[in-house]
Amino acid sequence: MIQPLRQTHLRIFLVLAVLVPLIFVLALVKRRPLPPPVTPVHATATEVSR
Amino acid sequence: MSGGYRAISWNAQKKRYDAILASGVVLYLLTFIGLCALLNPDATAETMLIRGFGTAAFLLLNIALAIGPLCRLDARFLPLLYNRRHLGVTTFLLGMIHGGFALVQFHAGGDRNPLVSLFTSDIQFGSIPDFPFQILGFLALIVLFLMAATSHDFWLRNLTAPTWKRLHMLVYVAYALLVAHVSLGALQSEQSPALAAVVAIGFTTVIALHIAAALRERRIDRGKHIAMPDGFVDVCAVDDIPEKRARIVSLHGERVAVFRYDEKISAVSNVCQHQNGPLGEGRIIDGCITCPWHGFQYMPENGAAPAPFTEKVPTFQIRLIENRVCVHPRPNVPGTWVEPACIKRRKAKQEAG
Chain A
3 MIQPLRQTHL RIFLVLAVLV PLIFVLALVK RRPLPPPVTP VHATATEVSR
Chain B
14 MSGGYRAISW NAQKKRYDAI LASGVVLYLL TFIGLCALLN PDATAETMLI RGFGTAAFLL
74 LNIALAIGPL CRLDARFLPL LYNRRHLGVT TFLLGMIHGG FALVQFHAGG DRNPLVSLFT
134 SDIQFGSIPD FPFQILGFLA LIVLFLMAAT SHDFWLRNLT APTWKRLHML VYVAYALLVA
194 HVSLGALQSE QSPALAAVVA IGFTTVIALH IAAALRERRI DRGKHIAMPD GFVDVCAVDD
254 IPEKRARIVS LHGERVAVFR YDEKISAVSN VCQHQNGPLG EGRIIDGCIT CPWHGFQYMP
314 ENGAAPAPFT EKVPTFQIRL IENRVCVHPR PNVPGTWVEP ACIKRRKAKQ EAG
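Sequence lines, in order, name chains A and B.
Numbered by this note's numbering, the letters in the first sequence go through residues 3 to 52 in order.
Numbered by this note's numbering, the letters in the second sequence go through residues 14 to 366 in order.
If you want it as structure tokens, here you go:
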């Protein structure tokens, strides 16, 4: 009675337990590095050196 | 539709549960927005609200998914399971507010319908950094809506427990969609390792707890029992079963709860008709087997809920041989009366013999 339901549960879980970390790692590996913060053009040499 | 609507009865425990839940959410949102304003003063109020509600929903979903295996591993977590559905509905509401704000903020400024804009403004499905992650969040929200909308026992009765369970297992799909939504969205623009670490700790905990609970369950299913020529199976010794409690055994792939109470032994299916909870992890209270999940009750002799309730679980033929409990693995029709095995009578026979 409950056995087929438990097996379905197990199958769904196993697929997702593999898929979730895979998506996460792939997203981190393939992410585009953000450009460095832009220094305001009006900043003085002293402000930049800080 | 076979089951009628019965309004939720707000008992003290439910009120306490919801009060703690609501204050926890408010406290989290205030802390999150306060910290955001402090660390990132340039962030707009809309951005802080979008992030606050989104992270609150994701955090609650992690907690909701951890409760099930935690209860299997330690019964002390059972009070959390009792009203887990309230946690699920709150997750949906927080997610909906997050989605609503995001839709207005990013898709309502043009001349297209915001929902059309959500699906058409960004279609770079082949690129990971530019993947339209908003669509994943929208799909997860649809699943959470279906679950929240059918969370009342009215739907459980009308859909039947197995169908309702199948529908609610979609929570795992929603979770995977949300991890992808966060990984392809927030983690692309906010590259702090701390944020990635929090997401990783969340899903690792959820997966590890499920695996630990599954391994514990497997021990029950792997137990080997010897069948006798008449089909009865020796499952355990009488003294292996604590008074007013059960021993769960797996016979032909189905779990049976063998209860000992008042010098008697009865066996019923381990599966509660309400939400398929494990009856064998419950106790005999007021002469009835009481499910540990939501307190549904059944008479141990016939597996029927006391009037006016109508739920019934299958019973199993049982007998005692010496000090051993033997159960026939073929289930009876739910609600069938089975004479309990009497421990006193067996002891008297032994003494006379």
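By construction, the Cβ of each residue, glycine as well, lies at the ideal position given by its N, Cα and C atoms.
Under a CB-based cut-off of 7 Å, is residue i close to chain A?
i                : result
Ile141 (chain B) : yes
Leu5 (chain B)   : In this structure chain B extends from 14 to 366, so residue 5 (chain B) is not present and cannot be described.
Tyr185 (chain B) : yes
Ile80 (chain B)  : no
Ile298 (chain B) : no
Ile155 (chain B) : no
Gln204 (chain B) : yes
Ala226 (chain B) : no
Met182 (chain B) : yes
Ala189 (chain B) : yes
Ile220 (chain B) : yes
Gln330 (chain B) : no
Phe216 (chain B) : yes
Val346 (chain B) : no
Would residue i be called buried (16 or more neighbouring beta carbons within 10 Å of its own) or exposed?
i                : result
Met14 (chain B)  : Its pLDDT being 37, under 50, Met14 (chain B) is placed unreliably by the model, and the measurement read from it follows with that caveat. Exposed is the call here.
Arg125 (chain B) : exposed
Leu83 (chain B)  : buried
Thr217 (chain B) : exposed
Gly150 (chain B) : buried
Ala250 (chain B) : exposed
Lys325 (chain B) : buried
Trp306 (chain B) : buried
Trp177 (chain B) : buried
Asn24 (chain B)  : exposed
Arg231 (chain B) : exposed
Ile297 (chain B) : buried
Ser196 (chain B) : buried
Phe322 (chain B) : exposed
Asn75 (chain B)  : buried
His265 (chain B) : exposed
Ser263 (chain B) : buried
Leu190 (chain B) : buried
Phe71 (chain B)  : buried
Taking the continuous alpha helix (DSSP H) assigned at residue i, which residues delimit it?
i                : result
Cys49 (chain B)  : 25-52
Leu62 (chain B)  : 58-86
Leu222 (chain B) : 206-235
Leu190 (chain B) : 184-197
Leu91 (chain B)  : 91-95
How about residue i: is its C-beta nearer than 7 Å to some C-beta of chain B?
i               : result
Val24 (chain A) : The question names Val, but residue 24 (chain A) is Leu in the sequence shown. No, no contact with chain B.
Arg13 (chain A) : no
Leu21 (chain A) : yes
Leu18 (chain A) : yes
Leu36 (chain A) : yes
I'd like the span of the beta strand (DSSP E) that includes residue i, first residue to last.
i                : result
Thr176 (chain B) : No beta strand (DSSP E) contains Thr176 (chain B), which is instead part of the alpha helix (DSSP H) from 174-181.
Val338 (chain B) : 337-340
Val271 (chain B) : 267-274
Lys277 (chain B) : 277-282
Cys301 (chain B) : 301-303
In chain order, what residues of the same chain have a beta carbon less than 7 Å from the beta carbon of residue i, not counting five sequence neighbours either side?
i                : result
Thr103 (chain B) : Leu34, Val38, Leu73
Met3 (chain A)   : Annotation note: pLDDT 46 at Met3 (chain A) (below 50); position unreliable, no value reported.
His341 (chain B) : Gly244, Phe245, Phe329, Gln330
Ala161 (chain B) : Gly101, Val102, Phe105
Pro417 (chain B) : Residue 417 (chain B) lies beyond the stretch modelled for chain B, which goes from 14 to 366, so this question has no answer here.
Arg52 (chain A)  : Residue placement at Arg52 (chain A) is poorly supported in this model, since its pLDDT is 46, which falls under 50; the coordinates are not used for a value here.
Tell me which residues share the same chain as residue i and place their Cβ nearer than 8 Å to its Cβ, disregarding the 5 neighbours each side in the sequence.
i                : result
Ile254 (chain B) : Arg260, Val271, Phe272, Arg273, Ile278, Val338
Ala79 (chain B)  : Thr218, Val219, Leu222
Ile148 (chain B) : Leu131, Phe132
Arg229 (chain B) : Arg85, Leu86
Below 6 Å CB to CB, which residues in the same chain sit around residue i once its five sequence neighbours on both sides are set aside?
i                : result
Arg268 (chain B) : Ile261, Asn283
Subject >> In chain order, each alpha helix (DSSP H) run of at least 4 residues that lies wholly inside the region 102-157 of chain B >> reply: 127-133
Original post:
What are the complete alpha helix (DSSP H) segments, minimum 4 residues, inside the region 236-268 of chain B?
Top reply: none
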